[in-house]
Every structure is written in structure tokens, then in C-alpha cells.
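A.B. asks: Okay, handing you the structure first.
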Amino acid sequence: MGRDIDLSVNIAGINLKNPVMVASGTFGYGEEYAPYVNINKLGAIIVKGLSLTPRNGNPPPRIVETEAGMLNSIGLQNIGMDTFIKEKLPFLKKYDTKVIVNFFGDSIDEYCEIAKMAGSAPGIHGLEMNISCPNKQEGWLEFGTNSDLTFRVVSAVRKNTNLPLIVKLSPNVTDITVIARSAAEAGADAISLINTLSGMAIDIETRRPKLANIIGGLSGPAIKPVALKMVWQVARSIKLPVIGIGGIMTYKDSIEFMIAGASAVQVGTANFIDPAVTEKIIDGLELYCEQKSIKAIKEITGSIVT
Amino acid sequence: MGRDIDLSVNIAGINLKNPVMVASGTFGYGEEYAPYVNINKLGAIIVKGLSLTPRNGNPPPRIVETEAGMLNSIGLQNIGMDTFIKEKLPFLKKYDTKVIVNFFGDSIDEYCEIAKMAGSAPGIHGLEMNISCPNKQEGWLEFGTNSDLTFRVVSAVRKNTNLPLIVKLSPNVTDITVIARSAAEAGADAISLINTLSGMAIDIETRRPKLANIIGGLSGPAIKPVALKMVWQVARSIKLPVIGIGGIMTYKDSIEFMIAGASAVQVGTANFIDPAVTEKIIDGLELYCEQKSIKAIKEITGSIVT
Amino acid sequence: MLSIVLKNKRLINSYYKMKLSCEGFINALPGQFVMIKVSPHYDPLLRRPMSFHRIIPHHPPFKKGGRGEFEILYQITGKGTEIMSNLKEGNKVDILGPLGRGFWFPEGIEKAIIIAGGIGIAPMVALAEEIRKRGKGQGSRGKIIVFIGGKTKDDILCKGDFEKIGANVHIATEDGSMGKKGVCTELLKEWLIAHGSLLMAQLSIFACGPQGMLKAVADISINKNISCQVSLDKNMACGTGACLGCVVKVKNRDSRLYKCVCKDGPVFDAGEILWEEI
Amino acid sequence: MLSIVLKNKRLINSYYKMKLSCEGFINALPGQFVMIKVSPHYDPLLRRPMSFHRIIPHHPPFKKGGRGEFEILYQITGKGTEIMSNLKEGNKVDILGPLGRGFWFPEGIEKAIIIAGGIGIAPMVALAEEIRKRGKGQGSRGKIIVFIGGKTKDDILCKGDFEKIGANVHIATEDGSMGKKGVCTELLKEWLIAHGSLLMAQLSIFACGPQGMLKAVADISINKNISCQVSLDKNMACGTGACLGCVVKVKNRDSRLYKCVCKDGPVFDAGEILWEEI
Ligand SMILES: Cc1cc2nc3c(=O)[nH]c(=O)nc-3n(C[C@H](O)[C@H](O)[C@H](O)COP(=O)(O)OP(=O)(O)OC[C@H]3O[C@@H](n4cnc5c(N)ncnc54)[C@H](O)[C@@H]3O)c2cc1C
Ligand SMILES: Cc1cc2nc3c(=O)[nH]c(=O)nc-3n(C[C@H](O)[C@H](O)[C@H](O)COP(=O)(O)OP(=O)(O)OC[C@H]3O[C@@H](n4cnc5c(N)ncnc54)[C@H](O)[C@@H]3O)c2cc1C
Ligand SMILES: Cc1cc2nc3c(=O)[nH]c(=O)nc-3n(C[C@H](O)[C@H](O)[C@H](O)COP(=O)(O)O)c2cc1C
Ligand SMILES: Cc1cc2nc3c(=O)[nH]c(=O)nc-3n(C[C@H](O)[C@H](O)[C@H](O)COP(=O)(O)O)c2cc1C
Ligand code: FES
Ligand code: FES
């Protein structure tokens, strides 16, 4: 198959061999899926969201299937930056793929602290800030639902790292372009979107929420139209590269996102259904380019005809 | 089947024989589905959104199927209030069900004008304001995405009608409870939610949006978790009755919404898949009550156990 | 309405024919259609529109109430039709219909011209059978001329069905593997030239197929002033006129800009459609 | 991995047994499971976890590479299992596995006690066969005691399978329609009292079934200090430890509050689980 098709993309200064990454929280720390997918083939791995210290996450039940989607309320369970660097990063370094650390904090300080730690750990190629987390210090308002808070937390992190900095946006906002612009002005190198939509499910026998946490995040094919629309909007309104996420199951979905304006994509829930899905997507992208006589995949970014 | 189960609910002063209505835009003006469903059995019919004068709507293609959902960009095509009252209302009056007029305008004046017309047309039992429409006079900002605009348009309509007034909310906002509270303070009698989520789809062969209007509204089972969560949030934060809408396909879905806090529900996209779905839902509600020894369906509203 | 699959077989390549039975009589006209829910789950969510390919209205009742039977002819083009192709005899499918406005039969017609491209042939067998049944004047007994077009010979379906009822069949394929090389609208043009002595008012054209083809047929008919009906194809959600999703722009006669393909059509007078904006 | 349905038949009521074949050998242990994608569409979206009911590891290769065969035993409880029940011989299904940590076999065991409620019986046949194969000391040759519980006699499955390998089978049904009236954990208690002279360290309990039952078994085993393994059931998304969706609270030994049922289990030492908060 077409050796001369250039699948590489550069996002925020990170050179990816292809635009297909695995989304945070859906691929563990890489190890879990190593038996099922050729990790060397991936554009990048975004690891499960890390905080400064380990977190237990929410009580179970934590997942519910919904129509063409799923709700999760994992609650950001993670092993903490320290343990990640000591125990997981060495494994990931063995592979020829980029490692991007997804992280979050309760406070601006915590965000900055993690960014600093990442900067001094060789083998981390970039950072993805998850700003869909409540700000403990200022009334639990989610960073990512407020443009001022977004600006402040992103600028603060920017001052504390030279690593490529991706900011991942929450879709649960009135106008996502406003938040994207704040992140851009604050010094982000790229924007990724979307995180999960807020959702809920109820057991009509017990009248209890199906998730112990009551509310969870909706992901999977169900949310694809919403994600695609937001990617299109953001890509039109800022100059930074945009990474498309949300319900991508096939190479066709990936291409929709790229045409809408994404420079790269992340595959989340689809990994659960088919651990080798990313390999298939990468092959599909190549085939698409071949069939359409596209020399470099980056040409299709933003090529929507309206 | 259990004659002694009381399915009736009172919403905003309208007595419904049961809590199941058909959602605006998914049941035409009633005639279209008359051959397929027993209209006398319905709690209420919400007619296709009406404006002061007829509208042509958006160019086709106007609908796209998505995973467990569909996008539409009908663009509020309608025959206008006048023609509705003259040509469609007489037909609806023949049935023993409540008729609720869903309406919208480009300006606050247009909203008020329609409300006045509805007040003087016998056979209209209530109004549902669709505030997911851009305000032509003030920068095309959607009424329903701004709490101030919401307050202004709802108060203005309130001054122009004595009919029960339901305000239908857009889900495309950061905090739907803020908008709900504005509508409540402005004098709404009930709140219905959700309208469609903004979404998009792209044809990867032509690189064109699949909808001529580029963006459309996502409905169907895909959005149910999002709708349910918003209904729960709003029902907790205001005292008015709440009408749950979004992805309801079965009586079980309806019960989820009622447990979450809805006093009644509207069935939309499901009508397309099964025109008799509302009858089945009503029978299902009765059966559920019977099995759980619930005497009156209204008892389950807000009975969520957390 | 629950309907039972009586037969479902592949004809060639991605083309299939399914025979269905349902309680009560199917009182359908050629050009009308059903909406099929191919699976009880929500992916795919919407019903799929399928034309009546053959209508067998009065089958001897074997249970109380009797039953109707009909056939559909379909092509696998996506997940819905893929699922349909896996249905087996005895499986139940949920159908809604008959829906829409079918073909009509102008008075005083001597010759009926049927022209179809690809899977557009599906409703035309029912149509030809109905014309044959109605007889002279109402669709022209004995004088059915059929033009079928397709990419290659495997896309030419139902030739035998038309011949069986005595129609005169002309074929065009893009690769020339069957009939004339080219498109069937060219055949139609040539035929009309060759039969220039006919009174155009005694002809009636019935067309179904891809939009480009329909537009070409409409052009020809409007030019020559021949009555012409086209069956349009639009994505549908409800099939009943409720959602306003399937509209087509019409020449603004009665102040309505759009009509619904599902309810006002799918069959339209070719002169009514605003072809420039389709 | 694409797997072929060799057999799929209803046993009784909503209980079915399916035999599957897949390329390559299945190197699975009892208690492990596969995740099945029951349809290629997105409703239902997630794979469904199913235990190995019987493992037939070394089937004579008929194609290059050879193939493994295994059986699953399942109950229709929703749309996924409903779709599974409609699969026919020759259909292909996508499986992921073997997954998880299965049962293990403590040294020095004289008698293996298997206890299962309802569909919890599914992995126990593979387990009993493995114990039988391993022989004395490693699960106790000749000394398998099985307790099966169910609502009614139709919920008692696999009795014959256990008897065939010489196990001693005790049955309890809630309505008394088969065996003793009551729950199988009561039978276990009575048996332990009757066999009070046995060395508890030479017994090993293997349990699978509803959470309430597992908790009761865990109580008994902890009380009497008998080694006890339980197979847990949690909703799963990935089945591989990646999503952290299927967690269960464990007694805080190594500072981890939660473990994954899919990867650290589904089989756990009963003493490890924080039963109060399950
Ligand atoms: C009135 C009418 C009659 C028809 N009769 C026939 C027939 O007899 N035989 C036949 O093979 N086909 C017929 N079609 C086309 C047929 O409905 C589509 O091919 C079919 O819906 C495709 O479904 P899919 O899931 O396989 O494809 P997908 O592409 O997966 O479908 C995705 C969505 O697009 C819609 N869609 C896709 N293609 C079409 C299309 N061409 N027309 C309408 N909706 C489409 C589907 O309904 C669905 O909502 C007819 C269409 C109409 C409007
Ligand atoms: C490790 C393991 C092994 C299992 N082995 C078997 C077996 O051998 N035979 C058998 O009949 N069942 C087994 N189960 C339970 C089986 O997975 C569920 O009954 C099945 O997933 C239900 O799917 P459904 O679509 O029919 O039900 P639905 O209720 O429609 O499923 C909806 C969602 O809930 C999940 N779900 C529902 N019930 C369960 C459950 N009890 N456990 C886990 N997830 C559930 C489904 O996976 C799905 O995501 C096992 C479960 C686990 C965790
Ligand atoms: C189980 C699960 C865990 C997730 N954990 C994280 C996380 O730790 N950090 C984060 O930024 N996003 C997290 N996400 C969101 C995904 O990275 C992704 O944005 C979202 O699922 C939408 O993509 P998808 O539809 O392809 O899954 C998680 C998603 C799932 C399903
Ligand atoms: C084709 C279509 C047309 C609609 N038209 C209107 C409308 O005119 N006014 C309105 O308030 N909502 C309209 N809606 C939104 C529905 O009333 C409903 O809020 C939404 O579809 C979510 O419910 P559902 O998932 O049950 O369809 C429309 C929805 C669809 C699918
Ligand atoms: S498909 Fe709904 S109006 Fe035609
Ligand atoms: S199912 Fe994903 S971690 Fe267990």
C-alpha cells in the first residue's frame, strides 16, 4: 500500500508519524493494550489523566452503556505523576511513539506542579491539560466552563513548562470558541476537543442513578455529531492546530473530523470495542489518500466545502 | 388493565389525561399521524413550531441519520399562525386531547404577537415557547443561550397572554439551571427540555456538510443521557413543573425522566420510527404503576433515590 | 405493522429481491412505498424507504382477515440494506405503509414509456403490471416501451419481467456490456426522434432513477411537451409528511416553496420540480 | 478475533449454550472469560463478558494453524444476549480473550467445593473438568462437591455434567421444585456441619453467582477459615484493565482501594473483597 503517502502531522511542535492517537482514559498507561495492538504504529498515546498524588476515583458502578454510547464516572482514578514516571514511563519509552501526558488538578498550583514534573522526565513528548475539572479553591466551578479561569490556569501552566501544551476542552459550554480563544491567548500550542458530555441514567427498578456518582460523561458514537460541530467551530475561530475527539470508530469518522478542521484525532471509546481499531484507522487513512490521490494527509485538514 | 391507576397530570394549569405528549416538529399538525395513532389517547399534542407568517425553512438536505440519532435542519418551516388557526386547528379540536402551540420569533415583538393571537383562538390550551432561535434585532444571539434575553422575551410574552406558558430550553448552554431560573422568574408556568443538541455531519466523498445548513439539531436515543441529566438538574433547582424531552423511545425511558423530576414527557423522534409509540408508552406507564402498586403516576415525579 | 419475510434472495451482485406478507390487504399503487424498520435496535435508527416492486393484493386468505403480499427489489448501499439482505424466510420485519402518492394514469394515452436507471427499476415492474391491467386509454394496453440503463450488464434488472407482459425493452449500459453503449436517456431521445410522427399528447413518460437521469428525462419531456412523471428519492425520517425532512423545491405555484417527497410524492409531475435547485 | 458459531441451542427457558471455534488454540483457564461483540453496529455498543463454560483446547487442526473450541452458557437478560440467542451455526462473532485471572488451585487440597447460583454455574463446568484433570492435591481428584442453587428446577443447569465426572451434586431451589427447598448456601452450611471432622485447610471453595450469595459464601469461608475463591460480576467496558470501569473495593492491603474485576479478577480470594461496600 502506497508508501509515498505522507501521513505525518506536526501538532504543537510534536512530530507524529500519523494523526491517530489514543484518547486519555481509554488506553490506560499503554500496557493494558500492548498485547492487542501494535503500539509502534500509533501517532501518539495520551495516557490516563494524572494528578500530583494518586487518586482513588469514584465508587462503582462507574460505567453504563447507553444507546450508541456509554457513561463513565471513573472520577479520574490514577496512580499519580510520581508512580507514572517511575513505573509506567519506562515501559512506554520502549516504543517508537509519542507519549503525551494528560493531567489535571484541583487548583492552579497543582496543574503547574505537574507540568514542572513532566518537564524534567525524559520520554514525555507533550502535555494535554484536562480542564474539565472543578476548581476546589474557587467554588468548584469547572476550569473549562469559564473563559477567565481557563485563561488563568493555562497561562500559569504555560509559564511552568516548555513542553508542547495541548488544552483539552469540555463540550458542556454555551460557546466553545470563547474558551478555545482564551486557551490560545494564554499560550496553548494546540486545542483538543471534545471531552465527554455530561449525562445520566436511572434504574427504574431501584429508582437510583445507574452511576454511584449520579452524573457521568457520555462518550462514543452517540456524541460524534456534537464533537464534529465543535471541532469545525473552533478550527474556524483560532489559528492553533485542533485535535478532534468524540465517537471516532472508523477511518471515515477520522476523515470527517480532519475535513472539519482537525489536524489530528484521538480515538477513545472505540478502543474498548476493538483494541486494534487505531491500526485499522491508520490503514484506512492511507487508503483514502491513495484513492483520492492525496499526497499528504495534512492536506485534508479544514478542506470542508461549504 | 388497572382502571384505578390515575395517569393524569396537571402542567401549568393544563389537565392532561396522561403525561405523554408528542414533541413539536415531530408530529406535524396532527393530521399526518391521525391514520396511525389514536390521537384521543394522547396527553397533548405540541404542534410544529409556528411563526407569525409562514416560513420556507432551510434548503435540503435537511436530515441525516447518525448513530442512534438524527440531525435535522428543517429551519422551522411552518405555515404561520394564521393558516394554522384557520386550517389546522379545526381538525385538532375534534379530538379529546390538549393542543399546545409551540412558537418562536425573530424578535420579542413577534413572540408577543403570536401569543396574543393564540389567546384569542379557542381550542388552544397552552403555549410552548421555543427560545432556541436567534434574536435578529440583537446580533443573532440565541434567546435561549443567554439568561438576560430569556428573561426579557419570557416576561414580554407573559404580559401578552393568559394561556399556560411553557418555556422550552436549549441544551447548548453551560448551565441550564441559570436559564431555567430566568424563565421561571419571568413568569413561565412550566419548563420543557431539551431541544436538540447542535451537531454536524460531513460527506467524506464530496467534503460537504451532509446538511445544506451545515449545522443541525441532534435528537433521538443518542441524546437521552444528556437530556435526563439536564431534567434532573433543572427539576432540583426550580419549583415549576418540568417536562422531559430527549430520546424517549419506550415507557421505561419516560419513567426515567419522571423519576429524575419530570412531571410529564414529550416524545419526538420516536414517532418517526413508530407512529403508535405514544400509545405503547401510555400503556407501559399504566403497567409499571400496576406492578409497583403506584396509584397515581404523579407520585413518581422526582422520586429519585440518591 | 409486522410483516413476514416469505422469500429473500440475491439476484446478482448487491441486488436482492424480498417477498413479504402482511395481515390485511395491501392496497397499494405503483410508485408508493413502505418504510421498513430493519432491526429493533437504534443503530440504524430510522426506517428505510422501499418501493413496491410487485403488488399481489388479493392472496387467498389462509388465516382470518386474509393477507397481502408484495415484493421489494433492493440494492445493498449501507448498513440498513445490509441487514435486510441477511433476513431469512420467517423473520418478522416492521413495515409502515403504503405511503406517498404513486403514479397516476392520464386519460387518452396510447403509449406508456417507462425509463429507469439502476435500482430505479424497482417500482417500474408494479407500474407496468398496473398499466397492463388498466388497458387502453389509461396507460395504453399493449404499448409499453421500457428503457433501462445501468453501469454494466449486471445492473440491468427485470428485463424478463417486462418482456413477459409484452413490453418493448431497450437497454443501455455505460460500458456497453449489454444493449447500447451509453445512457438510457439517449435511447429515449433517439426513439422519440424515430417516432416523431406520434402525437406527443398520446405518450406518457414514467421515470425513476438517479437525479441526473431524472433531470435529463424531465428536460426531454418538457421540451417535447410529453406528460412525464418522475419518482424522486430523498432521505426520509418519518415518511408521512410530519418531519418536513424530505423536501424538494417546486415551482412556486401555490406559494409553497417546498413539497414533501414522502407525502406529496415520491411521484411528481416533472414540470412541477425546480430542477435547477434540486 | 473472529470466531465461528458451531452450535447455539436453547437449553431451557432463557438459558442457551453456544459452541464457538476460533483460529489458533484457546489457552484459557476456568474462570477466565471472553468479551463478545454481538453485532457490528453500535447499539448495543459494548462487548459482553462471557465465561468459558467448557474449554476444548486441543482440537485436531483441520486448517493450517489449528483451532480452539469452547462453549459458553448464557442467559438472555437484555438486548445483547437476545441477539446472541439468534446467532446461527456458521455465523461469525468477534471475540476478545481469554481475559482476566481465572481460578487457581491451592496445594494440598483434598476436597473441592463448587457452589453456584443461577447462571453462575457457567464457569463451573470448566472448573470441575480442570480439577478432575489436575488430580489429587491440586484440587482433589475424586472429591468434588457441587452445590447448585436456583429459583426453580428450570434454573438448575449442568447437573448431569458434574455427575458425569463423578462429582457429588447437591441442589436447592427456592420453590422446592428440585432438591431441597431454600438456598444453596444453607446446604453448604449443613454439609460443613455434617463434615465437621474434616480439616478445613484441606477444603477449597469456588463460588460464582449473585452478589448476595457470594457474600454469604465468603462469610462462611472466612468464619471457618476455608480457602475460598469468588468470581465477581461487574459491568465492563474494556475487559482489559484500561478503562477502570469495573472496579471493586478491596481491603486496603497494598494501598490500592479498588481493583479491576476484569484484570485483577474476575476471580478473587474471598478475603480480599470489602464485602460491606460491594
Ligand atoms: C420513496 C423511496 C423509495 C425507494 N425505493 C427503493 C427500492 O425500491 N429499492 C432500493 O434499493 N432503494 C430504494 N430507495 C432507496 C433506499 O431507501 C436507500 O438505498 C436506503 O435507505 C439506504 O439505506 P442503507 O442503510 O443501506 O444506507 P445508508 O447509506 O447507511 O443509510 C443512511 C441513511 O441515509 C438514508 N439513505 C441513504 N441512501 C438513501 C437513498 N438513496 N434514498 C433515501 N434515503 C437514503 C437512509 O434511509 C438512512 O437514513 C428508495 C428511496 C425512497 C426515498
Ligand atoms: C466476567 C464475567 C463473566 C460472565 N459470564 C457470563 C456467562 O458465562 N453467562 C452469562 O449468561 N452471563 C455472564 N455474565 C453476565 C453477562 O455479561 C451479562 O448478562 C450480559 O452482559 C448482559 O448483556 P445484555 O445485553 O443481554 O443485557 P443488558 O442489560 O441489555 O446489558 C446492558 C449493559 O449492562 C451490562 N450488563 C448487564 N448485566 C450484566 C451483568 N450481569 N454482568 C456484567 N455486565 C452486565 C452489559 O454488558 C451491557 O453493557 C458474565 C459477566 C462477567 C462480568
Ligand atoms: C472510561 C473513560 C475514561 C476517561 N478518562 C479521561 C481522562 O482521564 N482524562 C481526559 O481528559 N479524558 C478522559 N476521557 C475522555 C476521553 O479521552 C474522550 O475525550 C471522550 O471519551 C470522547 O471520545 P470518544 O467518544 O472517542 O470516547 C475518558 C473517557 C472514558 C470513556
Ligand atoms: C424533525 C424535527 C423537527 C423539530 N422541530 C421543532 C420545532 O419546530 N420546535 C421545537 O421547539 N422543537 C422542534 N424539534 C425538537 C423536538 O421537539 C425535541 O425537543 C427534540 O427532537 C428532542 O426530542 P427527541 O429526542 O425525542 O426527538 C424538532 C425535532 C425534530 C427531530
Ligand atoms: S420524511 Fe418526514 S416529511 Fe417526508
Ligand atoms: S472493564 Fe475496563 S477496566 Fe475492567
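Chains as they are written, first to last, in my numbering: chain P, 1 to 306; chain L, 1001 to 1306; chain B, 2001 to 2278; chain A, 3001 to 3278. Positions of the beta carbon are idealized from the N, C-alpha and C atoms, including for glycine.
Residues of chain B with CB closer than 7 Å to the CB of A:Lys-3079, please, in chain order.
C.D. replies: The answer, in chain order, is His-2041.
A.B. asks: Over the uninterrupted alpha helix (DSSP H) stretch that includes A:Leu-3188, give me the two end residues.
C.D. replies: Its alpha helix (DSSP H) spans residues 3184-3194.
A.B. asks: Near L:Ile-1294, which residues of its chain fall below 8 Å by C-beta distance, leaving aside the five closest residues on each side in sequence?
C.D. replies: Ile-1005, Tyr-1288 and Ile-1300.
A.B. asks: How about L:Ala-1270: is its Cβ closer than 7 Å to a heavy atom in ligand 4?
C.D. replies: Indeed, a heavy atom of ligand 4 lies less than 7 Å from the Cβ.
A.B. asks: Going by the C-beta, is P:Leu-76 closer than 7 Å to any heavy atom of ligand 3?
C.D. replies: Yes, the beta carbon of P:Leu-76 sits closer than 7 Å to at least one heavy atom of ligand 3.
A.B. asks: Please work out which residues of its chain come closer than 6 Å, Cβ to Cβ, to B:Lys-2234, disregarding the five sequence neighbours upstream and downstream, and give them in chain order.
C.D. replies: So the list reads Cys-2246 and Val-2261, once near-sequence residues are dropped.
A.B. asks: Just the C-alpha distance for L:Leu-1092 and L:Val-1101, rounded to the nearest angstrom, thanks.
C.D. replies: Cα-Cα distance, rounded: 11 Å.
A.B. asks: Taking the straight line between their C-alpha atoms, what separation do you get for B:Phe-2062 and B:Ser-2003?
C.D. replies: Model confidence at B:Phe-2062 stands at a pLDDT of 48, short of 50, so the residue's coordinates are unreliable; what they give is reported in the following sentence. B:Phe-2062 and B:Ser-2003: Cα-Cα distance of roughly 15 Å.
A.B. asks: Residues of chain A with CB closer than 8 Å to the CB of P:Asn-271, please, in chain order.
C.D. replies: Chain A residues near P:Asn-271: Cys-3238 and Ala-3242.
A.B. asks: Which residues of chain P have a Cβ atom closer than 7 Å to the Cβ of L:Ile-1215, listed in chain order?
C.D. replies: Ordered by position in chain P, the residues that pass the 7 Å Cβ test against L:Ile-1215 are Lys-229.
A.B. asks: Evaluate P:Val-99 with the Cβ neighbour count: other Cβ atoms within 10 Å of its Cβ, from every protein chain shown; 16 or more gives buried, anything less gives exposed.
C.D. replies: By the neighbour-count rule (16 or more Cβ atoms within 10 Å), P:Val-99 is buried.
A.B. asks: Looking at chain A, is there any beta carbon in it that lies within less than 8 Å of the beta carbon of P:Ile-74?
C.D. replies: By this cut-off, P:Ile-74 is an interface position.
A.B. asks: For chain L, check one thing: does any of its Cβ atoms lie closer than 8 Å to the Cβ of B:Pro-2061?
C.D. replies: At B:Pro-2061, the pLDDT of 47 sits below 50, so the modelled position is not reliable; the number obtained from the coordinates is stated separately. By this cut-off, B:Pro-2061 is not an interface position.
A.B. asks: Below 8 Å between beta carbons is the criterion; list the residues of the segment 1050-1078 of chain L that meet it against any residue of chain A, in chain order.
C.D. replies: Those residues of the segment 1050-1078 of chain L that come within reach of chain A (Cβ to Cβ, closer than 8 Å) are Glu-1067 and Ala-1068.
A.B. asks: Quick check for students: name the residue ranges of the alpha helix (DSSP H) that lie wholly in the segment 16-84 of chain P, counting only runs of 4 or more.
C.D. replies: Listed in chain order, they are 80-83.
A.B. asks: Show which residues of chain B have a CB atom less than 7 Å away from the CB atom of L:Glu-1205.
C.D. replies: Simply none; closest approach about 13 Å.
A.B. asks: In chain A, which residues lie with their C-beta within 8 Å of the C-beta of P:Thr-83?
C.D. replies: Neighbours of P:Thr-83 on chain A: none; closest Cβ ~10 Å, over 8 Å.
A.B. asks: Closer than 8 Å is the cut-off here; do at least three beta carbon pairs connect the segment 3220-3238 of chain A with the segment 3013-3029 of chain A?
C.D. replies: As far as the Cβ criterion goes, the segment 3220-3238 of chain A does not touch the segment 3013-3029 of chain A, which means the pair count is below three.
A.B. asks: Residues in its own chain within less than 6 Å of A:Ser-3140 by CB, not counting five upstream and five downstream?
C.D. replies: Because the pLDDT at A:Ser-3140 is just 49, under 50, the model does not fix this residue reliably, and the point stays unresolved.
A.B. asks: Would you say the segment 2114-2131 of chain B touches the segment 2164-2175 of chain B, given that touching needs at least three Cβ pairs under 8 Å?
C.D. replies: Yes, since at least three Cβ pairs between the segment 2114-2131 of chain B and the segment 2164-2175 of chain B fall closer than 8 Å, the two stretches touch.
A.B. asks: When DSSP builds the beta bridges, which residues end up paired with L:Glu-1142?
C.D. replies: Bridge partners of L:Glu-1142: L:Pro-1134.
A.B. asks: Which ranges would you report for the alpha helix (DSSP H) in the segment 114-198 of chain P if only whole runs of at least 4 residues count?
C.D. replies: For the segment 114-198 of chain P, whole alpha helix (DSSP H) runs of length 4 or above, ordered along the chain, are 147-159 and 176-185.
A.B. asks: When you measure from the CB of L:Ala-1068 to every non-hydrogen atom of ligand 2, does any distance come out below 7 Å?
C.D. replies: No, since every heavy atom of ligand 2 falls outside the 7 Å radius drawn around the Cβ of L:Ala-1068.
A.B. asks: Quick check on the DSSP output: the beta strand (DSSP E) that includes A:Ala-3172 runs from which residue to which?
C.D. replies: Residues 3168-3173.
A.B. asks: In chain order, what residues of the same chain lie with their CB nearer than 8 Å to the CB of L:Ile-1039, ignoring the 5 residues before and after it?
C.D. replies: Only Gly-1030, Tyr-1033, Ile-1045, Tyr-1095 and Thr-1097 meet the Cβ criterion.
A.B. asks: Below 7 Å, is the gap between the Cβ of P:Val-231 and the nearest heavy atom of ligand 5?
C.D. replies: The answer is no for P:Val-231.
A.B. asks: Using a Cβ-Cβ cut-off of less than 9 Å, give me the residues of the segment 3209-3239 of chain A that come near chain P, in sequence order.
C.D. replies: Correct list: Lys-3234, Asn-3235, Met-3236, Ala-3237, Cys-3238 and Gly-3239.
A.B. asks: When the Cα atoms are used, what is the spatial distance from P:Val-20 to P:Met-258?
C.D. replies: Roughly 11 Å separates the two Cα atoms.
A.B. asks: So what does DSSP say about L:Pro-1221, is it helix, strand or coil?
C.D. replies: Helix, per DSSP.
A.B. asks: Here's the rule I'm using: 16 or more other beta-carbon atoms within 10 Å means buried, otherwise exposed. How should B:Leu-2199 be labelled?
C.D. replies: By the 10 Å Cβ count, B:Leu-2199 comes out exposed.
A.B. asks: Is P:Arg-207 helix, strand or coil when you go by DSSP?
C.D. replies: Three-state DSSP puts P:Arg-207 in coil, outside helix and strand.
A.B. asks: Relative to the alpha-carbon of B:Leu-2281, which residue among B:Asn-2008, B:Ile-2171 and B:Phe-2268 has its alpha-carbon at the smallest distance?
C.D. replies: In the structure displayed, chain B extends from 2001 to 2278; residue 2281 of chain B sits before or after that span and is not available.
A.B. asks: Taking 8 Å as the threshold (C-beta atoms), are P:Ala-222 and P:Gly-43 in contact?
C.D. replies: Cβ atoms of P:Gly-43 and P:Ala-222: not closer than 8 Å.
A.B. asks: So P:Ser-256 contacts chain L; which residues on that side make the cut at Cβ distance below 8 Å?
C.D. replies: According to the sequence as given, residue 256 of chain P is Glu; it is not Ser. By Cβ distance, chain L contributes Ala-1201, Ile-1202 and Ile-1204.
A.B. asks: So what does DSSP say about B:Cys-2208, is it helix, strand or coil?
C.D. replies: In the structure shown, B:Cys-2208 sits in a strand (DSSP, three-state: E or B).
A.B. asks: Whose C-beta lies closer than 7 Å to the C-beta of A:Met-3050 among residues of the same chain, with five residues either side of it excluded?
C.D. replies: Within the same chain, A:Met-3050 has close Cβ partners Phe-3033, Val-3034, Ile-3036, Ile-3072 and Tyr-3074.
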